[in-house]
Amino acid sequence: MDVIEKKDAEVKVPNNIILSTVEIALNWCRSRSFWPLSFGLACCAFEMMSASDARYDIARFGSEVFRPSPRQCDLMIVAGTVTKKMEPLVLRLYEQMAEPKYVLAMGSCAISGGPFKDSYSVVPGADTFLPVDVYVPGCPPRPEALLYGILELRKKVIHPKAFAKNYQKRLEQNG
Ligand code: SF4
């Protein structure tokens, strides 16, 4: 079989043919249709709900299908304070979600415990027990911030290898 040089390939492949892999196509579809889990933990959840209303219209980004069952979801938005009492339940919901699945930490409480960080009953960040993909800061973050977080998650889903490489580099830099 002839080996085709890269420059020759451009000549030999006719116009109007799109070359890609199934993985890239699937990731593109996933990134445009997140199905978030329908649950909230505290005040940030109201901002999450607002993102679905007519003004912010999360449907523009294909992420309006909030599902009540974790088995039908691929995005967990941790919206609110995670207490130690709730931690095992949130983890169980995450484990019941379908693969591939993503986690977005919404608000200071979900990121680091927020104003309740020093409390005996609050978990200091969802990333202590979940693999968080995107952090949306604020107390509470506005719905626009959540939408921006979803757009950032899109990039991560489409280019998983690039993000894994950056993550590895950061780990090495931080020793
Ligand atoms: S970050 Fe602020 S608004 Fe969000 S749950 Fe915590 S206290 Fe409430």
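The opening residue of the sequence shown carries number 1418 in the numbering used here; numbering runs sequentially from there.
Idealized CB from N, CA, C, for every residue including glycine.
In whole angstroms, what separates the C-alpha of residue i from that of residue j?
{"i": "D1550", "j": "Y1537", "result": "26 angstroms"}
{"i": "V1482", "j": "P1453", "result": "7 angstroms"}
{"i": "V1574", "j": "P1485", "result": "23 angstroms"}
{"i": "E1561", "j": "M1493", "result": "18 angstroms"}
{"i": "C1490", "j": "R1509", "result": "13 angstroms"}
{"i": "D1474", "j": "M1465", "result": "11 angstroms"}
{"i": "V1439", "j": "K1534", "result": "44 angstroms"}
{"i": "F1478", "j": "L1568", "result": "8 angstroms"}
{"i": "C1446", "j": "R1472", "result": "25 angstroms"}
{"i": "C1461", "j": "K1572", "result": "24 angstroms"}
{"i": "R1449", "j": "L1563", "result": "15 angstroms"}
{"i": "M1418", "j": "N1444", "result": "With a pLDDT of 45 at M1418, under the threshold of 50, the predicted position of this residue should be treated as unreliable, though the coordinate-derived value follows. If you take the alpha carbons of M1418 and N1444, they lie about 32 angstroms apart."}
{"i": "F1546", "j": "S1437", "result": "36 angstroms"}
{"i": "A1468", "j": "V1520", "result": "17 angstroms"}
{"i": "F1463", "j": "P1517", "result": "26 angstroms"}
{"i": "I1441", "j": "V1540", "result": "36 angstroms"}
{"i": "K1578", "j": "L1506", "result": "31 angstroms"}
{"i": "G1542", "j": "L1570", "result": "19 angstroms"}
If you measure between the beta carbons of residue i and residue j, is that distance less than 8 angstroms?
{"i": "G1555", "j": "S1525", "result": "yes"}
{"i": "I1528", "j": "Y1552", "result": "yes"}
{"i": "L1458", "j": "A1515", "result": "no"}
{"i": "P1558", "j": "M1523", "result": "yes"}
{"i": "G1531", "j": "T1498", "result": "yes"}
{"i": "Q1513", "j": "P1487", "result": "yes"}
{"i": "S1480", "j": "F1456", "result": "no"}
Which ranges does the beta strand (DSSP E) cover as unbroken runs of at least 3 residues, wholly within the region 1485–1512, from first to last along the chain?
1492–1496
Let me have the residue list for the ligand SF4: C-beta closer than 6 angstroms to any non-hydrogen atom, ordered along the chain.
A1459, C1460, C1461, G1497, T1498, G1524, S1525, C1526, G1531, P1532, C1556 and P1557
What are the uninterrupted segments assigned as alpha helix (DSSP H) that are 4 or more residues long and contained completely in the region 1538–1585, given in chain order?
1560–1575
Which ranges does the alpha helix (DSSP H) cover as unbroken runs of at least 4 residues, wholly within the region 1436–1484, from first to last along the chain?
1439–1448 and 1461–1467
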